[in-house]
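All you need for the numbering used here is the position in the sequence shown, starting with 1, plus 5.
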Amino acid sequence: MALLKTYEAGEIEPVSTTADRARIAAQLDELGVRLEQVYLPGVVPDLDAAQDEIIESCRQQVNGLMQDHAFSGIDALTLHADTPDLDRIRRNCLREHCHSADEGRLILAGQALFCLRGHAGSVYALFCSPGDFILLPANVPHWFDPGRAPRLCAVRFFGEGSQYRPVDEDGPESKRPPGLDDARGQAAMPMSGLTRGRAGGRMPAAPT
């Protein structure tokens, strides 16, 4: 279940909250962002699986998204307590940034919060769960909150030559609304779809 909260610049109380996908789509369209629901029958990712195993577990869906949106590359991302260098990865995710080409994220398991910077410093906070696919156009400032103790698996889609570009957050508009952990209860989104299997083969992680 996706849920969208919108905030005015520098505010911590939302001006609107909706779980209606039509309303979410209309509001995200103001930024050129798209949210799609992808059917994931039987996909239960193993947090310790190799990248190719995770991608193969949803190969049909991945191929469809690659074709529909003309992505040029993919990888898989898992974040959990045993992920090497987790604190650094979280800092990079939480830093406001943009990408130089369109990118997409398909959530396979767990939860994530995408915060998108809108007009005049406003923030669109999108809670995502398994089956949610978010398409981020190039140069849309955002940050990604996997939580302080993440248990997340996702496939990432990249446009040609995409690069991570930090955004200067100085100014009063940089004050942020609640993160994933602070708002998790309000979002009422269950943690689901994660397993732990064999040791080894953990995913390399990078800024989202």
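Where is the CB? At the ideal position from N, CA and C, for every residue including glycine.
*Nearest-angstrom Cα distance between Leu82 and Gly15?*
Here residue 82 refers to the residue found at position 77 when the sequence shown is read from its first residue. Here residue 15 refers to the residue found at position 10 when the sequence shown is read from its first residue. Their Cα atoms are separated by approximately 31 angstroms.
*Return the CA-CA distance between Arg5 and Val145, expressed in angstroms with no decimal places.*
Since the displayed the chain opens at 6 and closes at 213, residue 5 lies outside it and no answer follows.
*Determine the burial state of Glu108: buried for a count of at least 16 other Cβ atoms within 10 Å of its Cβ, exposed for fewer.*
Residue 108 sits at position 103 when you count from the first residue of the sequence shown. With 16 or more Cβ atoms within 10 Å of its Cβ, Glu108 is classed as buried.
*Under a three-way DSSP split, which group does Pro19 fall into?*
In the sequence shown, residue 19 corresponds to position 14, counting from 1. It is coil, neither helix nor strand.
*Just the Cα atoms here: how many angstroms apart are Glu2 and Ser105?*
A query on residue 2 cannot be resolved here, the shown segment of the chain reaching from 6 to 213 and no further.
*What's the gap between the Cα of Leu70 and the Cα of Phe76?*
Numbered from 1 along the sequence shown, position 65 holds the residue referred to as residue 70. Numbered from 1 along the sequence shown, position 71 holds the residue referred to as residue 76. Taking the straight line joining both Cα atoms gives about 8 angstroms.
*asked:* Considering only their Cβ atoms, is the gap separating Ser134 from Gln116 smaller than 8 angstroms?
replied: Position 111 of the sequence shown, counted from the start, is the residue given in the question as residue 116. Position 129 of the sequence shown, counted from the start, is the residue given in the question as residue 134. The answer is yes: Cβ separation under 8 angstroms.
*Residues bridged to Pro171 (per DSSP)*: To locate residue 171, count along the sequence shown from 1; it is residue 166. According to DSSP, which records beta bridges pairwise, Pro171 is partnered with His102.
*asked:* In the DSSP assignment, the beta strand (DSSP E) including Arg110 goes from what residue to what residue?
replied: As a position in the sequence shown, residue 110 is number 105, starting the count at 1. Arg110 -> beta strand (DSSP E) spans 108-114.
*May I ask which residues mark the beginning and end of the beta strand (DSSP E) holding Asp80?*
Here residue 80 is taken as the residue at index 75 of the sequence shown, counted from 1. Looking at the DSSP string, the run of the beta strand (DSSP E) that includes Asp80 is 78-84.
*How long is the line joining the alpha carbons of Phe162 and Arg110, rounded to whole angstroms?*
Position 157 of the sequence shown, counting from 1, holds the residue named residue 162. Position 105 of the sequence shown, counting from 1, holds the residue named residue 110. So the two alpha carbons sit approximately 6 angstroms from each other.
*Taking 8 angstroms as the cut-off, decide whether the C-beta atoms of Ala114 and Pro50 are in contact.*
Position 109 of the sequence shown holds residue 114. Position 45 of the sequence shown holds residue 50. Result yes, Cβ atoms of Ala114 and Pro50 sit closer than 8 angstroms.
*How should Asp25 be labelled, buried or exposed, when 16 other C-beta atoms within 10 angstroms of its C-beta is the threshold for buried?*
Counted from its first residue, the sequence shown places residue 25 at position 20. Burial call: exposed.
*Roughly how many whole angstroms lie between the Cα atoms of Val38 and Lys10?*
Here residue 38 refers to the residue found at position 33 of the sequence shown. Here residue 10 refers to the residue found at position 5 of the sequence shown. Each residue's alpha carbon lies about 15 angstroms from the other.
*Would DSSP call Asp53 helix, strand or coil?*
The count along the sequence shown starts at 1 and reaches residue 53 at position 48. Coil at Asp53, not helix or strand.
*What are the boundary residues of the alpha helix (DSSP H) that includes His74?*
Counted from its first residue, the sequence shown places residue 74 at position 69. Segment 64-74, the alpha helix (DSSP H) holding His74.
*asked:* Give me, in chain order, the residues of the same chain whose beta-carbon lies closer than 8 angstroms to that of Pro19; leave out the 5 immediate sequence neighbours on both sides.
replied: Indexing the sequence shown from 1 puts residue 19 at position 14. Lys10, Thr11, Tyr12, Ala130, Pro182, listed in sequence order.
*asked:* Can you find the residues in the same chain that come closer than 7 angstroms, C-beta to C-beta, to Val172, ignoring five residues on each side of it along the sequence?
replied: The residue you call residue 172 lines up with position 167 of the sequence shown. Around Val172: Glu101, His102, Cys103, Pro146.
*Any idea which residues DSSP pairs Glu41 with across the strands?*
The residue given as residue 41 occupies position 36 in the sequence shown. The partner list for Glu41 (beta bridge, DSSP) reads Phe138.
*Hey, out of Gly123, Glu58, Leu84, whose CA is closest to Leu33's CA?*
Start at 1 with the first residue of the sequence shown, and residue 33 comes out as number 28. Considering only alpha carbons, the answer is Gly123.
*asked:* Any beta carbon of chain C sitting closer than 8 angstroms to that of Phe132?
replied: Of the chains in the structure shown, none is chain C; there is only one protein chain.
*At what residues does the alpha helix (DSSP H) containing Arg153 begin and finish?*
In the sequence shown, counting from the first residue as 1, residue 153 sits at position 148. Looking at the DSSP string, Arg153 is not in any alpha helix (DSSP H), and its letter there is neither H nor E.
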